[in-house]
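Chains as they are written, first to last, in this note's numbering: chain A, 1281 to 2000; chain B, 2 to 262.
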């Protein structure tokens, strides 16, 4: 009932508001754009769908789940006090020692403590802001306080478990805590702990917190670190870029919230009870490594079902019309990612578009639950004129759902190797765009259009992949990236995607996609490393990929190990330049030569200048320069005066490559004509025309015409 | 309607004025284009080829390495706009005198030159009036959707332009008080009180804005491969619309002369 009531009320408000604006718009004769908007039908929010009965899809649809991956189970109880913005919680954690040695200490992440004071690791880096959102001076701090930690033993005669109080202490960096066990946990054995905690939420600026009555609770409870196969612990300080790393397990969560809040959470809703002005909700999530929830009053629900997966979107009332776009983006992403990376294993997914004031919560992933951002669509009048984009909230939806795979399912260590989730996910997002919009060729789909001129996915990656200029290598732990250097986003997200796209274009889409599918199948519900990815690709594509052959038949190969070493662990940039084109006279036999008697004979004058020579007496020469330090094979296309084009593959070693065409005049040269090297960010110097030759279009002409037209517009169009 | 047609006939009876102004505009714009071509060519050296399938990337790629090119373009456009504002103000008495009636060159020049100072002063008086009008409209529509607010501000700008031209016509042709702000105020009142004058003039102003947008759109849509002539011909039309707008005000003043000083 709560859903239906909020749904209808929201639509009513939306239509009335639109009608009021239409009247005003018409009265002021503002013309087409408003008029077109007035005619829009109410958005189709779908029919409310029943809650799935199982958190996971049926076994034949979800794919295999390795039992050994289930390491830690949670039973959480939480009561939210919205006046104090406080969560009083209790968690019972069952942790299994899957390591090689007994364990007598378990480190815990207390992520919320990253927002506790100015000297935490997070705040030292973030200085009170995240992305473009800053701390609210009225409610700046968030923290979690652990009241007690107890080890639960076997059940006593009274039916209660025996309890042993355990020593626990925060580290000097308060986002970490150690719990010392009273007795070691042997390999293969398990331990049950109960922690009582209180979490204070900040006003949201960095993904988690509240704004008005809206709340997004992420990283709100204590989470153990991850025991690595060598017996060491992965437990990291929470920093601006570190995100999260945890083991898979089952979650049984009871939330006690004000009754009028619309709630969304990871997993499935098992039951809901109202008790006065409170509601108690039980959620279950299986084989996930986190649990987040949201609640608010002004949220509209929208529904869809796709391939047996229930999709639920929670959207601010004022943006109800955005919901169908998010749902469609979700469907397209599911189609693409299931086809490429295997089945989505869970039965539900919840999309949250945070309301105005809570935008700091937008764009974050949690298992079976994520937050997106506002769409910001282009008015239809401008779209008809060729102005459009696909980089707003629609892209955020694609990106955050993508994390259900590259983080949710292939749960890499986001602290040690953040590129494995953000970078591979960004790469997969562009594949979604290719699958949804096409084509899968050298151009690819557009991200942005200006008066009908497209900026394609590859163009977008080239423009912002950190390839040139001060930068940091990709394969670094998150805390090695400094906000002051400002390389994290472009390097971790876009450059990783560019590396994968380049490899896909060089190796071929079909074998590369097959290799990535092998990686995804092999490491589902595991914690793959960069080495796992590199080994899988080498196994599937070969250590050395033959890209072509030289004129004498020698293979030109791409060494995968060398490629990844340069791409991931150095700041080398791919950059080529068409250094020169020379058409010079062929070597002849003019001048003095000795004959068989030793006498100097001949003395003919040299050939005239090449411009006056027929083509067959000219030697065309092209000089290609590898400006960047990154060594990678590259194709060179030469246009000859007889109208033919020839392509030569250069292995990229050495700084220069000189190519000659005796008896032919060279008109133009183009390096990497099909744009396979998506890693190359500077391309305008890849093409060059010989002296006296004229390309079909030039940048000076284009810019000159733009300047002339702009001048005509302000002088002629606006005057007198 | 007679006012609108009368204005149109006044423009058509002065083809030399129309074509002369257009030639001046295209010459200035052409020089701006030549300058920009030369700067870009000198900056890029031999790497001038434009990939027509990726013009946006190609352009971003170039300006990322050479951001001064963007400054150059902005300076060119702002310079053109500044030049336009200056030249159209200086030429206003000449245009009004010619549209009012055919005159000998000496009479035309004499009147234009003698009324230029008063036109400049009245144009200055109109600045605070225009700002006041924009302020009032902006404040009264600030709670409405941004599209409505901006549209209302645009309309207010056009109305103020009609008022300015009404004042200029009054001082050039009808001996309105040459220096007093009263003439500027009367121009505004006259424009606002005469919907038959204001409506067509505002519509012509909107037409000019639409032409401006079309010229810019053509330049972007045909970036690197379109002929420059459609933009030049649209500028001819734009100049004609501007003259027609002034001629309507001249016709209106001729039919019902404003108060003299």
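C-beta atoms are modelled at their ideal positions from N, C-alpha and C, and glycine is treated no differently. None of these values were measured; they are calculated from a predicted model.
Asked                                                                                                                                        : Found
Assumed close pair residue 1901 of chain A, residue 1933 of chain A - CB separation to whole angstroms, cut-off 8 Å                          : In fact, because the Cβ distance is near 20 Å, the residues do not count as touching under 8 Å.
Short Cβ contact (8 Å threshold) for residue 1643 of chain A with residue 1630 of chain A                                                    : no
Reference residue 1502 of chain A; option with closest CA among A:1637, A:1564 and A:1353                                                    : A:1353
Contact under 8 Å by Cβ, residue 1522 of chain A with residue 1722 of chain A                                                                : no
Segment contact flag, the segment 1404-1411 of chain A with the segment 1439-1459 of chain A, C-beta cutoff 8 Å, min 3 pairs                 : no
CB contact flag (residue 188 of chain B, residue 209 of chain B, <8 Å)                                                                       : no
Distance between residue 1364 of chain A and residue 1558 of chain A (C-alpha atoms, nearest Å)                                              : 16 Å
Proximal residues, the segment 44-68 of chain B versus chain A, C-beta separation under 7 Å                                                  : 45, 47, 48, 49, 50, 51, 53, 54, 55, 56, 57, 58, 59, 61, 62, 63 and 66
Presumed contact (8 Å Cβ cut-off) between residue 1674 of chain A and residue 1609 of chain A, rounded CB distance                           : 5 Å
Under 9 Å by beta carbon: chain B residues contacting residue 1723 of chain A                                                                : 54 and 55
Contacting residues, own chain, Cβ-Cβ under 8 Å from residue 1509 of chain A (five flanking each side not counted)                           : 1379 and 1380
Distance, residue 164 of chain B Cα to residue 192 of chain B Cα                                                                             : 5 Å
Cutoff 8 Å: residue 1978 of chain A Cβ touching any chain B Cβ                                                                               : yes
Residues of the segment 12-32 of chain B whose Cβ lies closer than 9 Å to any Cβ of chain A, in chain order                                  : 22, 23, 25, 26, 27, 29, 30, 31 and 32
Three-state secondary structure (DSSP) of residue 1790 of chain A                                                                            : helix
Which residues DSSP lists as bridging residue 252 of chain B, in chain order                                                                 : Paired residue(s): none; residue 252 of chain B is not in a bridge.
Chain A contact for residue 81 of chain B (CB, 8 Å cutoff)                                                                                   : yes
Within-8 Å CB hit, residue 41 of chain B to chain A                                                                                          : yes
Residue-chain proximity (residue 250 of chain B, chain A), Cβ-Cβ < 8 Å                                                                       : no
Close-in-space but distant-in-sequence residues of the same chain around residue 1846 of chain A (CB under 6 Å, 5 per side omitted)          : 1852 and 1910
Distance between beta carbons of residue 1499 of chain A and residue 1525 of chain A, contact taken as under 8 Å                             : That belief does not hold up - the Cβ atoms of residue 1525 of chain A and residue 1499 of chain A are roughly 12 Å apart, past 8 Å.
Three-pair Cβ contact test at 8 Å for the segment 166-182 of chain B versus the segment 117-125 of chain B                                   : yes
Under 7 Å (Cβ pairs) to chain A, residues found in the segment 96-128 of chain B                                                             : 96
Beta-carbon contacts of residue 175 of chain B that lie in its chain and below 7 Å, excluding the five residues immediately before and after : 254, 258, 259 and 261
Rounded C-alpha distance that separates residue 1428 of chain A from residue 1460 of chain A                                                 : 12 Å
Beta carbon proximity, residue 229 of chain B to chain A, threshold 8 Å                                                                      : yes
Residue 1663 of chain A versus A:1640, A:1325 and A:1730, residue with shortest Cα-Cα distance                                               : A:1730
Within chain A, the residues that residue 226 of chain B reaches when beta carbons sit closer than 7 Å                                       : 1977
Contact check, residue 1697 of chain A vs residue 1809 of chain A, beta carbons under 8 Å                                                    : yes
Endpoints, the alpha helix (DSSP H) within which residue 1944 of chain A is located                                                          : No alpha helix (DSSP H) contains residue 1944 of chain A, which DSSP labels as neither H nor E.
Range of the contiguous alpha helix (DSSP H) that encloses residue 127 of chain B                                                            : 106-141
Residues sharing a beta bridge with residue 223 of chain B, DSSP                                                                             : DSSP output for residue 223 of chain B lists no bridge partner at all.
Three-state secondary structure assigned by DSSP to residue 186 of chain B                                                                   : helix
Uninterrupted beta strand (DSSP E) stretches inside the segment 1866-1915 of chain A (no shorter than 3 residues)                            : 1871-1874, 1880-1884 and 1898-1906
Any 3 or more C-beta pairs closer than 8 Å across the segment 1589-1601 of chain A and the segment 1630-1641 of chain A                      : yes
Cβ-based neighbour list, residue 219 of chain B, same chain, cut-off 7 Å, excluding 5 preceding and 5 following                              : 227, 231 and 232
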